[in-house]
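Below is one structure, written out as structure tokens; comments come after it.
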């Protein structure tokens, strides 16, 4: 199907373009990759997104502060806690206020439960991409137990609707906690087995080590986030660097590895699951008493930012209020938006067969990342990247002048 | 036509199509294949190519860019083909009703046979929907 631009000069193969997507058996989401290859080697990659764009930011600006949490929850099904968490923190930053200790614990429990099932989902899909379907089935079977825990705690398997500005929407019943702890404990032996099966498997070593290496410097240059950067030795985690929720209450380790290849990204996620189980169990065992909702009445005019560590990296929300009951501006930046461009560094020079697992290694979430470009009727783009950089620089200058700088 | 439909009901092979969803319905559809639910015991199989499909599972709120691709794919499915709309988005666009990028609901674009509501529908609901589809089509033969 590829468009062959063969320029036969002395028998050297020309460049061939291989389109992947937008509907491809390996992808659940529509997205369109263009791989440029020379023989077996990938020399360039480009991606076209926009098949998932639903205009969330605009929709959010049409809803009240309370209702926004439901919209941002539906940015992405797997990050359905991270986005409301970052959003509620942004709204609380406008007021500013602190939520009660009990609601902090409940938020942490829900966020860590999400991290656990998200990492298991990634592990399964990674196995599927490699043709190792045993791991896929095992990991997804374990994931069901965690989804059961989430269903007991929140009432739904995926969209939890637990967050609201000022606290949480519903309480955790004391009688549910032992059942949840039992279920979480029940996955640990299989998880240990799965860890051994992945980390000590010579086949996976041969397949993944040294593949798609993201160096420390590249990770800094591309501003990679979350497990993608921690696998390259960048020790950054919002939970440690600017603690929120209940994360400073207990002991847990940040997992950092050095090599930056696909294998290390898998190791970081697998070991992180054990830390997550530690945090989850501490929170469930030491849930403090108190109010769960601060009952916010009015949001004053102002700006707020909220950032949290999602399973894929830092999720960032910006909310601007003008004193009415709806946000004037709501800006979302999901972790995949920053991790996306690292493809340019990791895929080049690798073979086609490794390209899919390298693309999957950052745990991409395209529905979080969606952006659109606005074109006029003649098909010209109204703003390109350079224009936007220029506009934001001009605005920064204006703000500097207003604040009395040079 | 009815003989072809009858043959199709024994083991409907499904193709999964996301038209701009939040991924939840897609993950729950994949969940149906994993050990706890195991929809393959009913003869259903997720296929990689649209040319092998008997049933189209459509999720998502029909975004402008993906609708063009969806129409192309719908022309390529061997007929007769059954269409299942998974989730509230595919059914009525749900929370994205007022969005500038989701102007038309799915059933105005292609004919839909079964709607499975829910945000996201549980795997049990998806399996129940599949069974209802087989019953509904079987009773018309």
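Protein chains in written order, with my numbering: chain A, 1 to 406; chain B, 1 to 141.
C-beta atoms are modelled at their ideal positions from N, C-alpha and C, and glycine is treated no differently.
Contact with chain B by residue i, beta-carbon distance below 8 Å
| i | result |
| --- | --- |
| residue 70 of chain A | yes |
| residue 221 of chain A | no |
| residue 140 of chain A | yes |
| residue 52 of chain A | yes |
| residue 76 of chain A | yes |
| residue 153 of chain A | no |
| residue 375 of chain A | no |
| residue 89 of chain A | no |
| residue 157 of chain A | yes |
| residue 22 of chain A | yes |
| residue 309 of chain A | no |
For residue i: DSSP bridge partner residues
| i | result |
| --- | --- |
| residue 46 of chain B | B/14 |
| residue 381 of chain A | A/375 |
| residue 48 of chain A | A/32 |
| residue 316 of chain A | A/307 and A/333 |
| residue 163 of chain A | A/168 |
| residue 20 of chain A | A/33 |
| residue 116 of chain B | B/86 |
| residue 327 of chain A | A/321 |
| residue 57 of chain A | Paired residue(s): none; residue 57 of chain A is not in a bridge. |
C-beta contact flag for residue i and residue j at 8 Å
| i | j | result |
| --- | --- | --- |
| residue 89 of chain B | residue 21 of chain B | yes |
| residue 333 of chain A | residue 226 of chain A | no |
| residue 80 of chain A | residue 71 of chain A | no |
| residue 75 of chain A | residue 368 of chain A | yes |
| residue 310 of chain A | residue 82 of chain A | yes |
| residue 43 of chain A | residue 15 of chain A | yes |
| residue 299 of chain A | residue 321 of chain A | yes |
| residue 91 of chain A | residue 302 of chain A | no |
| residue 66 of chain B | residue 51 of chain A | yes |
| residue 270 of chain A | residue 199 of chain A | yes |
| residue 129 of chain A | residue 26 of chain A | yes |
| residue 252 of chain A | residue 279 of chain A | yes |
| residue 58 of chain B | residue 19 of chain B | yes |
Other residues of its chain near residue i: CB distance less than 8 Å, five sequence neighbours each side excluded
| i | result |
| --- | --- |
| residue 134 of chain B | 9 and 12 |
| residue 351 of chain A | 40, 41 and 42 |
| residue 348 of chain A | 42, 43, 44 and 45 |
| residue 139 of chain A | 120, 121, 123, 124, 127 and 194 |
| residue 164 of chain A | 66, 69, 88 and 293 |
| residue 173 of chain A | none |
| residue 142 of chain A | 120, 187, 190, 191 and 194 |
| residue 247 of chain A | 108, 239, 240 and 279 |
Below-8 Å beta-carbon distance, residue i vs any chain A residue
| i | result |
| --- | --- |
| residue 65 of chain B | yes |
| residue 73 of chain B | yes |
| residue 92 of chain B | no |
| residue 42 of chain B | no |
| residue 20 of chain B | yes |
| residue 32 of chain B | no |
| residue 99 of chain B | yes |
| residue 35 of chain B | yes |
Distance between residue j and residue i (C-alpha atoms, nearest Å)
| i | j | result |
| --- | --- | --- |
| residue 259 of chain A | residue 314 of chain A | 21 Å |
| residue 46 of chain A | residue 28 of chain B | 29 Å |
| residue 208 of chain A | residue 262 of chain A | 6 Å |
| residue 40 of chain B | residue 77 of chain B | 21 Å |
| residue 48 of chain A | residue 33 of chain A | 6 Å |
| residue 64 of chain A | residue 331 of chain A | 15 Å |
| residue 96 of chain B | residue 86 of chain B | 15 Å |
| residue 25 of chain B | residue 375 of chain A | 31 Å |
| residue 382 of chain A | residue 372 of chain A | 12 Å |
| residue 3 of chain A | residue 126 of chain A | Bear in mind that the predicted position of residue 3 of chain A carries a pLDDT of just 45, short of 50, making it unreliable; the figure below should be weighed with that in mind. Whole-angstrom Cα-Cα distance: 29 Å. |
| residue 147 of chain A | residue 64 of chain B | 33 Å |
| residue 31 of chain A | residue 50 of chain B | 17 Å |
| residue 62 of chain B | residue 366 of chain A | 16 Å |
| residue 112 of chain B | residue 99 of chain B | 22 Å |
| residue 273 of chain A | residue 115 of chain B | 36 Å |
| residue 126 of chain B | residue 341 of chain A | 36 Å |
| residue 110 of chain A | residue 267 of chain A | 23 Å |
| residue 54 of chain B | residue 137 of chain B | 13 Å |
| residue 161 of chain A | residue 397 of chain A | 40 Å |
Same chain only: Cβ atoms within 7 Å of residue i, ignoring 5 sequence neighbours per side
| i | result |
| --- | --- |
| residue 337 of chain A | 369 |
| residue 288 of chain A | 101, 102 and 105 |
| residue 32 of chain B | 39, 123, 126 and 127 |
| residue 264 of chain A | 231 and 257 |
| residue 118 of chain A | 78 and 311 |
Same chain only: Cβ atoms within 6 Å of residue i, ignoring 5 sequence neighbours per side
| i | result |
| --- | --- |
| residue 211 of chain A | 261, 262 and 354 |
| residue 80 of chain B | 4 and 5 |
| residue 363 of chain A | 122 and 312 |
| residue 177 of chain A | 284 |
Proximity test, residue i beta-carbon vs the ligand FMN heavy atom, cut-off 7 Å
| i | result |
| --- | --- |
| residue 122 of chain A | As far as ligands go, the structure on display features none, and thus does not contain the ligand FMN. |
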